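There are 2 protein chains.
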Amino acid sequence: MGNKPTQKVLVVDDEEPILELLKYNLEKQGYDVRTAADGYQAVEQAKKFHPDLVLLDIMMPKMDGVEACRQIRAMPELVNTFIVFLTARAEEYSEVAAFDVGADDYILKPIKPRALMSRISALFRRDSKKKNTSSQIKIGELVIDRTSYTVQIKGKEVSLPKKEFELLFFLAQSPNKVFSRDDLLQNIWGSDVYVLARTVDVHIRKVREKIGDDYITTVKGVGYKFNLG
Amino acid sequence: MGNKPTQKVLVVDDEEPILELLKYNLEKQGYDVRTAADGYQAVEQAKKFHPDLVLLDIMMPKMDGVEACRQIRAMPELVNTFIVFLTARAEEYSEVAAFDVGADDYILKPIKPRALMSRISALFRRDSKKKNTSSQIKIGELVIDRTSYTVQIKGKEVSLPKKEFELLFFLAQSPNKVFSRDDLLQNIWGSDVYVLARTVDVHIRKVREKIGDDYITTVKGVGYKFNLG
DNA sequence: TATCGCCTTAACAATTCCTTAATAGGCAGG
DNA sequence: CCTGCCTATTAAGGAATTGTTAAGGCGATA
Chain H
224 MGNKPTQKVL
234 VVDDEEPILE
244 LLKYNLEKQG
254 YDVRTAADGY
264 QAVEQAKKFH
274 PDLVLLDIMM
284 PKMDGVEACR
294 QIRAMPELVN
304 TFIVFLTARA
314 EEYSEVAAFD
324 VGADDYILKP
334 IKPRALMSRI
344 SALFRRDSKK
354 KNTSSQIKIG
364 ELVIDRTSYT
374 VQIKGKEVSL
384 PKKEFELLFF
394 LAQSPNKVFS
404 RDDLLQNIWG
414 SDVYVLARTV
424 DVHIRKVREK
434 IGDDYITTVK
444 GVGYKFNLG
Chain L
224 MGNKPTQKVL
234 VVDDEEPILE
244 LLKYNLEKQG
254 YDVRTAADGY
264 QAVEQAKKFH
274 PDLVLLDIMM
284 PKMDGVEACR
294 QIRAMPELVN
304 TFIVFLTARA
314 EEYSEVAAFD
324 VGADDYILKP
334 IKPRALMSRI
344 SALFRRDSKK
354 KNTSSQIKIG
364 ELVIDRTSYT
374 VQIKGKEVSL
384 PKKEFELLFF
394 LAQSPNKVFS
404 RDDLLQNIWG
414 SDVYVLARTV
424 DVHIRKVREK
434 IGDDYITTVK
444 GVGYKFNLG
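One line per chain: the protein sequences are H and L, in this order. Whatever position you read off the first sequence (first residue = 1), add 223 for the numbering used here. Whatever position you read off the second sequence (first residue = 1), add 223 for the numbering used here.
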């Protein structure tokens with residue numbers, strides 16, 4: 224119970240009512256909340272407060288959310304901070320631009336408190352299991368996108384079934400690191416599922432079939448790794 | 224986009240003089256006004272009238288403002304409606320509960336017409352800048368129009384029932400993003416409605432029947448997405 | 001009140017995905 | 001060149017998820 228430190232959330236929006244709405248709901252959930260009304264304040268607060276999560280409106284006076292996100296992402300001490308955009312329309316600032324500056328997710332306005340809260344706790348749940356769980360990974364010609372569960376390879380989009388996707392995503396999260404089959408089973412299948420280690424091989428095969436043989440390397444007697452360069 | 228349709232305001236209060244005062248002032252400002260005397264009426268009116276703004280007294284007979292607010296907020300077609308509480312200072316039913324059920328602002332009684340009017344016009348000004356939710360989405364051959372609850376597909380117009388429409392609209396708002404069945408239930412059905420997750424499947428089926436199978440993709444083990452490109 | 005359309009649920013069919021097992025292939029050491 | 005150990009590949013059965021249909025209930029409307 225008590226060993227979990229309070230998660231810190233920074234909420235950034237230029238509309239007072241929205242700030243209050245979010246602050247109230249987040250605090251009710253036990254988060255430590257601070258607010259900022261524009262991009263500059265957001266960057267300042269982030270520097271001092273070191274939030275675990277930043278909810279960031281895109282359209283703001285002085286400095287918009289995209290630029291603020293870029294600056295926050297540039298702080299090394301905040302590499303593990305989640306950044307989630309609040310946006311009135313998906314198209315308005317394309318999802319692409321948001322991901323380009325390092326956002327982890329985006330959520331549509333108008334905000335439904337309860338839906339947002341469950342989304343946030345899901346985010347932290349995922350986080351506590353692993354670190355650095357962004358929704359998108361780009362490596363060379365490869366773009367792995369968790370929000371759409373697809374992989375782009377040289378512009379072509381391929382859709383992977385769940386296990387295959389998770390496998391690729393997990394490997395790509397730690398490039399060049401070798402994982403044993405048991406590691407992979409533990410992390411992707413879970414600790415209470417008992418399947419043979421060879422099952423991993425079959426999935427690896429299918430992933431290779433779809434993205435090519437160049438990305439995943441076999442390390443004989445050890446396991447597999449996603450290779451960079 | 225320049226033609227601004229008349230903004231619709233629903234005023235809810237159990238005191239006749241206050242209703243008249245507000246109605247008079249609002250109509251002078253050019254708003255389209257309707258009134259209701261209690262929570263039930265408010266919900267009924269909201270359902271039919273689709274106001275852009277609801278001014279809601281908190282203390283009322285039959286159904287109080289907070290409960291009415293909750294019910295209005297549960298209607299997906301009114302997600303863009305502002306809800307502002309009118310509250311006497313003494314009423315301890317504080318802003319807390321109000322924000323909790325999705326209010327956008329609250330205003331203290333006694334009401335000063337001039338101040339209220341400027342507050343309202345500020346609200347709409349902000350609205351036109353931000354939640355610029357053109358209630359129409361165009362994607363390729365598809366035009367999704369919220370004002371008429373219809374979808375044009377290759378010129379042919381199809382009319383969808385409410386749930387089907389909301390489902391399509393919600394998915395199309397975030398193209399390529401996968402939503403779990405629970406996400407969809409939270410956002411379209413509301414957080415306090417309990418229906419089985421499989422219900423979503425049936426609606427998906429019906430939407431596909433009407434617009435074709437190409438627009439909504441199943442991501443097995445995850446959910447559904449509207450696909451672009 | 002009768003009718004109609006919509007929503008939900010349940011049941012069964014269809015499909016996709018996962019796992020396993022069996023076989024083939026490759027590499028190192030003897 | 002053979003042997004042992006590991007991985008690659010394929011196919012098939014089973015498990016899990018989704019597709020589809022139909023029936024009942026509810027509410028709106030005439």
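Where a beta carbon is used, it is the ideal one built from N, C-alpha and C, also for glycine. All values derive from a computational prediction rather than experimental measurement.
- Neighbours of R337 (chain H) in chain L, taken as residues at a C-beta separation under 8 Å, are given in chain order as Q409, S414.
- Exclusion of the five residues before and after N248 (chain H) leaves P336, M340 as the residues of its chain whose Cβ lies within less than 7 Å of its Cβ.
- About 5 Å separates the CB atoms of P240 (chain H) and D327 (chain L); that is less than 8 Å, so the two are in contact.
- Boundaries of the beta strand (DSSP E) harbouring Q359 (chain H): 359-362, taken from the DSSP string.
- In the displayed model, T422 (chain L) falls within a helix according to three-state DSSP.
- The Cβ atoms of S382 (chain L) and Y372 (chain L) lie closer than 8 Å to each other.
- For the options H:I295, H:Y438, H:Q252, the alpha carbon positioned closest to that of K400 (chain H) is the one of H:Y438.
- Secondary structure of Y417 (chain L) (DSSP, three-state): coil.
- Here the alpha carbon of L419 (chain H) sits roughly 16 Å from the alpha carbon of G444 (chain H).
- Between I427 (chain L) and the set L:I295, L:T441, L:Q230, the nearest pair of CA atoms involves L:T441.
- Residues G262, I281 of the same chain have their beta carbon placed closer than 7 Å to that of D287 (chain L), with the five preceding and five following residues left out of the count.
- The alpha-carbon separation between L233 (chain H) and K379 (chain L) amounts to approximately 47 Å.
- Under the Cβ criterion of 8 Å, T370 (chain H) is counted among the residues facing chain L.
- A Cβ-Cβ distance of about 22 Å is found for the pair F347 (chain H) and I367 (chain H), leaving them out of contact under the 8 Å criterion.
- The beta carbon of N303 (chain L) falls within 8 Å of a beta carbon belonging to chain H, placing the residue at that interface.
- For a cut-off of 8 Å, the C-beta gap from A269 (chain H) to L301 (chain H) is around 6 Å, short enough to register as a contact.
- DSSP, reduced to helix, strand and coil, places R369 (chain H) outside both helices and strands of the structure shown, so it counts as coil.
- Put simply, the CB of K385 (chain H) is near chain L, with a gap under 8 Å to one of its CB atoms.
- DSSP, read as helix, strand or coil, puts Q409 (chain L) in helix.
- For the pair I362 (chain L) and Q396 (chain L), the CB atoms are not nearer than the 8 Å cut-off.
- Across the structure, T370 (chain L) and V324 (chain H) are spaced so that their CA atoms are roughly 35 Å apart.
- Nearest in C-alpha terms to G253 (chain H), of all of H:I334, H:A260, H:T229, is H:T229.
- Neighbours of S341 (chain H) across chain L, judged by C-beta separation under 9 Å: D405, D406, Q409, S414.
- The straight-line gap separating the alpha-carbon atoms of Y417 (chain H) and K386 (chain H) is approximately 15 Å.
- Contact check for K332 (chain H) and L309 (chain H): beta-carbon distance about 6 Å, within the 8 Å limit, so the pair qualifies.
- With contacts defined by Cβ atoms closer than 8 Å, V277 (chain L) and I306 (chain L) form a contacting pair.
- DSSP, read as helix, strand or coil, puts A259 (chain L) in strand.
- Residues of the stretch 415-426 of chain H with a C-beta atom less than 7 Å from some C-beta of chain L do not occur.
- Within chain L, the residues placing a beta-carbon under 7 Å from that of P240 (chain H) are D327, D328, ordered along the chain.
- For D436 (chain L), there are no neighbours in chain H by C-beta distance under 8 Å, as the nearest C-beta there is about 15 Å away.
- Residue ranges of uninterrupted beta strand (DSSP E) with 3 or more members, entirely inside the stretch 427-452 of chain L and ordered along the chain, are 439-442, 446-449.
- Cβ-Cβ distances below 6 Å link R293 (chain L) to V324 in the same chain, with the five nearest sequence neighbours on each side left out; the list follows chain order.
- P299 (chain L) is not a Cβ neighbour of K231 (chain L), given a cutoff of 8 Å.
- For the set L:L407, L:R431, L:V256, the Cα lying nearest the Cα of A338 (chain H) is the one of L:L407.
- In this structure, the beta-carbon distance from F388 (chain H) to L394 (chain H) does not fall below 8 Å.
- Contact of V442 (chain L) with chain H by beta-carbon distance below 7 Å involves Y372.
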